[in-house]
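A.B. asks: Questions regarding the structure given below will be posed in turn.
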Amino acid sequence: MSARPRCRGLLCLLAVTAAVRPGASGLCPAACTCATDVVSCTDRNLSKVPANLFRLVRRLDLSYNRIGLLDSEWIPAPLLQLSTLVVRHNYIASISAGSFGTIPNVRNLDLSSNRLQVVRDATFQELRALEVLLLYDNRISRLDPSAFGGLVRLQRLYLSGNTLTQFPVGLYLGRFKLAALTFLDVSYNRITALPVHHMHLVPGRQLRGVYLHGNPFVCDCALHSLLVLWYRRHFSAVVEFQDHYTCRPIAAGVGSGQQVRLLRESFLNCSVGGANGSFHALGFIHEAQVGQRLVVHCDDKAGSAHTDFLWVGPDSRLLEPGRTTDNFHVFYNGSLVIESLRLEDAGVYSCIAMNRQRLLNESVDVTVTVSNSSAGRAHSHEAFNTAFTTLAACVASIVLVLLYLYLTPCPCKCRANGPRSTPTRGNMQAASLCPRPSDEGCVAEPRAGAGKRVVFLEPLKEAVTGQNGRVPLFPGEATLAEGILRAPRGKADSMSSGFSDTPFVALA
């Protein structure tokens, strides 16, 4: 009988021991505030993560502390359930290899507003599940693409407000390219030029998410033509921030504050041919004449092997391989052939490439312009024919008026026994145009409208219901809404939002 109470006491002791041991489930450090699987340890003068932290935490906020070095010991215990880690507004100046080995399942990492200067090799290689990385408002001047090697799921990378001097094209091309990266914010850095000739190698679905506004670009027609192309393709990064793309003319000094808008018309006297030259070189613009045969290739980066192609016309009509629609034919290698071009065939054509093996899906937009060399002559002939027709109509109207006034037979009334009426000036003129009556009692009476003028009134057309007498207009085209950005906010707002879709915006 005494063994059972002793056993129960032992179980209670084990339960109490398990509850108070470091890192046990349900324990919240004194320096933190816990709510279920969310732990906040902000503004607690911490230099590393507390060792007795709740192991099943999913979101950990360490903002406004004194963490200065990220190494293999700054997180003492593994946190395998952690998906969001916020360490902004600390003193982090360097990140050692192996710093994230204890948190391999983090998907969102915020290291903004710290003191990072260089992102070295293999810095984030343990974060295989990382999708969003915030590094804005640091002092990063050099970015090694190998630091992100293996991050196959990284979709959004924020690097605004740093001191980068070169565009990190290695994130899209080369050995360490990030195939899933669809959002890159490098606004408000120190980038003066872009590798324009390499940008066309980047898939269109990734270029749509590149934000470059606020950089001190040096004016260049190639850069201007590239941004104009992105504007024509309705890239939100250019359309919504077009006023923030400025450049310094080459003639101006380095310290000169002179800035001009990159997206204005007649930019630095860049000729239309020069501005569109890169478009033609990149295969984004094709010009042809009416009646010609045009072949447009799908310049995708998915590769032709195991890839299915589909074209979408300006009227949203699907053009599939092996099927001839009107004068359109799509081959299985992605080439689009337009036979006997018409003026209505002009517009933007989108090629969609779907690679079954690499699970890629990207699109390429191509603009086709169709012109008619005989349009000017046809227009002049049409104008001449219209003028001649109008003149002929006027002459015919005058002739009809004269015929009506002078050649209409005069009605006569015959009076058998009445005296001959005394002719007046009005009826003398009328009588001279009338045939002589056979009876002497037949006299010409003046017409009722002899002294009146003839006025031609244009017939009134029935008003169309709802038009209010105005010319009916065609309905406007539907605006393309991509949904990448929300309304631009101030710098303070964009900093405080942990993982928002809003890029960095600096206040004036």
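Its first residue numbered 12, the sequence shown is counted upward by one per residue in our numbering. C-beta: ideal position from N, C-alpha, C; glycine also.
If you reduce the DSSP assignment to three classes, tell me which class residue 61 lands in.
C.D. replies: Position 50 of the sequence shown, counting from 1, holds the residue named residue 61. In the structure shown, residue 61 sits in coil (DSSP, three-state: anything other than H, G, I, E or B).
A.B. asks: Confirm, please, whether the CB-CB distance from residue 110 to residue 146 is below 8 Å.
C.D. replies: Numbered from 1 along the sequence shown, position 135 holds the residue referred to as residue 146. Numbered from 1 along the sequence shown, position 99 holds the residue referred to as residue 110. Not a contact, by the Cβ cut-off of 8 Å.
A.B. asks: Measuring only the C-alpha atoms, how far is residue 165 from residue 214?
C.D. replies: Residue numbering aside, residue 165 sits at position 154 when the sequence shown is read from its first letter. Residue numbering aside, residue 214 sits at position 203 when the sequence shown is read from its first letter. Straight-line Cα distance between these residues: approximately 16 Å.
A.B. asks: Tell me the DSSP bridge mates of residue 332?
C.D. replies: As a working note, residue 332 is residue 321 in the sequence shown. In DSSP, residue 332 forms a bridge with 341.
A.B. asks: Measuring only the C-alpha atoms, how far is residue 47 from residue 96?
C.D. replies: Position 36 of the sequence shown, counted from the first residue, corresponds to residue 47. Position 85 of the sequence shown, counted from the first residue, corresponds to residue 96. Distance between the alpha carbons of residue 47 and residue 96 is about 16 Å.
A.B. asks: Does the stretch 330-349 come close enough to the stretch 400-417 that 3 or more CB-CB pairs lie under 8 Å?
C.D. replies: Cβ pair count under 8 Å is below three, so no.
A.B. asks: Measuring CA to CA, which of 274, 348 and 325 is closest to residue 303?
C.D. replies: Reading the sequence shown from its first residue, position 292 is the one you call residue 303. The option with the nearest alpha carbon to residue 303 is 348.
A.B. asks: In chain order, what residues of the same chain lie with their CB nearer than 6 Å to the CB of residue 188, ignoring the 5 residues before and after it?
C.D. replies: Stepping through the sequence shown from its first residue, residue 188 is reached at position 177. Taken in chain order, the list of residues that qualify is empty.
A.B. asks: Once DSSP output is grouped into helix, strand and coil, what is the label at residue 300?
C.D. replies: Numbered from its first residue, the sequence shown carries residue 300 at position 289. In this structure, residue 300 counts as strand in the three-state DSSP scheme.
A.B. asks: I'd like to know if residue 44 contacts chain C, where contact means its C-beta is closer than 8 Å to some C-beta of that chain.
C.D. replies: No chain C appears in the structure shown, which is made up of a single protein chain.
A.B. asks: Mind checking whether residue 127 and residue 150 have CB atoms under 8 Å apart?
C.D. replies: Here residue 127 refers to the residue found at position 116 when the sequence shown is read from its first residue. Here residue 150 refers to the residue found at position 139 when the sequence shown is read from its first residue. In this structure, residue 150 lies closer than 8 Å to residue 127 by Cβ.
A.B. asks: For a quick check, are the C-beta atoms of residue 309 and residue 358 less than 8 Å apart?
C.D. replies: The sequence position of residue 309 within the sequence shown is 298, counting from 1. The sequence position of residue 358 within the sequence shown is 347, counting from 1. No, they are not a contact pair.
A.B. asks: Under DSSP, the beta strand (DSSP E) around residue 102 begins and ends at which residues?
C.D. replies: Residue numbering aside, residue 102 sits at position 91 when the sequence shown is read from its first letter. Taken as a continuous stretch (DSSP letters only), residue 102 belongs to no beta strand (DSSP E), as it is neither H nor E.
A.B. asks: Which of helix, strand or coil does DSSP assign to residue 117?
C.D. replies: Numbered from its first residue, the sequence shown carries residue 117 at position 106. DSSP places residue 117 in coil when its eight states are reduced to three.
A.B. asks: Apart from the five residues just before and just after residue 230, which ones in its own chain have a Cβ nearer than 7 Å to its Cβ?
C.D. replies: Counting from 1 along the sequence shown, the entry for residue 230 is found at position 219. Within the same chain, residue 230 has close Cβ partners 258, 259, 260, 261, 271 and 279.
A.B. asks: Among residues of its own chain, excluding the 5 on either side of residue 273, which ones have a beta-carbon nearer than 8 Å to its beta-carbon?
C.D. replies: Position 262 of the sequence shown, counted from the start, is the residue given in the question as residue 273. So the qualifying residues of the chain are 228, 230, 234, 235, 238, 256, 257 and 258.
A.B. asks: Are residue 300 and residue 351 closer than 8 Å when you measure CB to CB?
C.D. replies: Locating residue 300 in the sequence shown gives position 289, counting from the first residue. Locating residue 351 in the sequence shown gives position 340, counting from the first residue. Their beta carbons are not under 8 Å apart, which means residue 300 does not touch residue 351 by this criterion.
A.B. asks: Count the other C-beta atoms from every protein chain shown that fall within 10 angstroms of the C-beta of residue 460, then say buried if there are 16 or more, exposed otherwise.
C.D. replies: In the sequence shown, counting from the first residue as 1, residue 460 sits at position 449. Reliability fails at residue 460, whose pLDDT of 43 lies under 50, so the model's placement of it is uncertain and the value that follows must be treated cautiously. Flag for residue 460 reads exposed.
A.B. asks: Please confirm whether residue 199 and residue 225 have their CB atoms less than 8 Å apart.
C.D. replies: Working through the sequence shown from its first residue, we reach residue 199 at position 188. Working through the sequence shown from its first residue, we reach residue 225 at position 214. Yes.
A.B. asks: Would you mind giving the Cβ-Cβ distance between residue 206 and residue 185, rounded to the nearest angstrom? I have them listed as a contact below 8 Å.
C.D. replies: As a position in the sequence shown, residue 206 is number 195, starting the count at 1. As a position in the sequence shown, residue 185 is number 174, starting the count at 1. Contact flag wrong, Cβ pair sits at about 12 Å.
A.B. asks: What number of angstroms, rounded off, separates the C-alpha of residue 73 from the C-alpha of residue 178?
C.D. replies: Position 62 of the sequence shown, counted from the first residue, corresponds to residue 73. Position 167 of the sequence shown, counted from the first residue, corresponds to residue 178. Whole-angstrom Cα-Cα distance: 31 Å.
A.B. asks: Kindly give me the distance between the Cβ atoms of residue 9 and residue 399, rounded to whole angstroms, as I take these residues to be in contact under 8 Å.
C.D. replies: What the structure shows of the chain is the stretch from 12 to 519, and residue 9 is not part of that stretch, so it cannot be assessed.
A.B. asks: Using the Cα positions of residue 251 and residue 296, report the straight-line distance between them to the nearest angstrom.
C.D. replies: Reading the sequence shown from its first residue, position 240 is the one you call residue 251. Reading the sequence shown from its first residue, position 285 is the one you call residue 296. Whole-angstrom Cα-Cα distance: 23 Å.
A.B. asks: Mapping the DSSP letters down to three states, classify residue 358 as helix, strand or coil.
C.D. replies: Locating residue 358 in the sequence shown gives position 347, counting from the first residue. Strand at residue 358.
A.B. asks: Can you give me the start and stop residues for the beta strand (DSSP E) that residue 169 sits inside?
C.D. replies: Along the sequence shown, read from residue 1 onward, the residue named residue 169 stands at position 158. Looking at the DSSP string, the run of the beta strand (DSSP E) that includes residue 169 is 167-169.
A.B. asks: Taking residue 92 as the reference, give the member of 82, 99 and 115 with the closest Cα.
C.D. replies: Position 81 of the sequence shown, counting from 1, holds the residue named residue 92. Answer by Cα proximity: 115.
A.B. asks: Work out the CA separation of residue 222 and residue 40 for me, nearest whole Å.
C.D. replies: Walking along the sequence shown from the start, residue 40 turns up at place 29. Walking along the sequence shown from the start, residue 222 turns up at place 211. In a straight line, the C-alpha of residue 40 is about 41 Å away from that of residue 222.
A.B. asks: Taking 8 Å as the limit between beta carbons, can you name the residues of its chain near residue 53, skipping five residues before and five after?
C.D. replies: Position 42 of the sequence shown, counted from the first residue, corresponds to residue 53. 72, 73, 74, 75 and 76, listed in sequence order.
A.B. asks: Taking all protein chains shown into account, do 16 or more other C-beta atoms lie within 10 angstroms of the C-beta of residue 306, making it buried, or fewer, making it exposed?
C.D. replies: Within the sequence shown, the letter at position 295 stands for residue 306. Residue 306 should be labelled exposed.
A.B. asks: Note down, in chain order, each residue of its chain lying with its Cβ closer than 8 Å to the Cβ of residue 43, except the 5 sequence neighbours on either side.
C.D. replies: As a first step, residue 43 must be located in the sequence shown, where it is residue number 32. Contacts found: 50, 51, 52, 55, 61 and 64.
A.B. asks: Grouping DSSP H, G and I as helix and E and B as strand, with all else coil, what is residue 232?
C.D. replies: For this step, residue 232 is matched to residue 221 along the sequence shown. Residue 232 falls in the helix class under three-state DSSP.
A.B. asks: Leaving out five residues on either side along the sequence, give the residues of the same chain with a beta carbon under 6 Å from the beta carbon of residue 138.
C.D. replies: In the sequence shown, residue 138 corresponds to position 127, counting from 1. Cβ neighbours of residue 138 beyond the five flanking positions: 111 and 117.
A.B. asks: Thinking residue 135 and residue 158 are a contact (beta carbons under 8 Å), I'd like their distance in whole angstroms, please.
C.D. replies: Here residue 135 is taken as the residue at index 124 of the sequence shown, counted from 1. Here residue 158 is taken as the residue at index 147 of the sequence shown, counted from 1. 6 Å between Cβ atoms; contact.
A.B. asks: Let's test the definition: count the other Cβ atoms within 10 Å of the Cβ of residue 98 and tell me whether it reaches 16, buried, or not, exposed.
C.D. replies: Within the sequence shown, numbered from 1, the residue matching residue 98 stands at position 87. Result: buried.
A.B. asks: What residue ranges within the stretch 128-165 form continuous beta strand (DSSP E) runs of no fewer than 3 residues, ordered along the chain?
C.D. replies: Counting whole runs of 3 or more residues, the stretch 128-165 contains the beta strand (DSSP E) stretches 143-145.
A.B. asks: So what does DSSP say about residue 85, is it helix, strand or coil?
C.D. replies: Locating residue 85 in the sequence shown gives position 74, counting from the first residue. Residue 85: coil per DSSP, three-state reduction.
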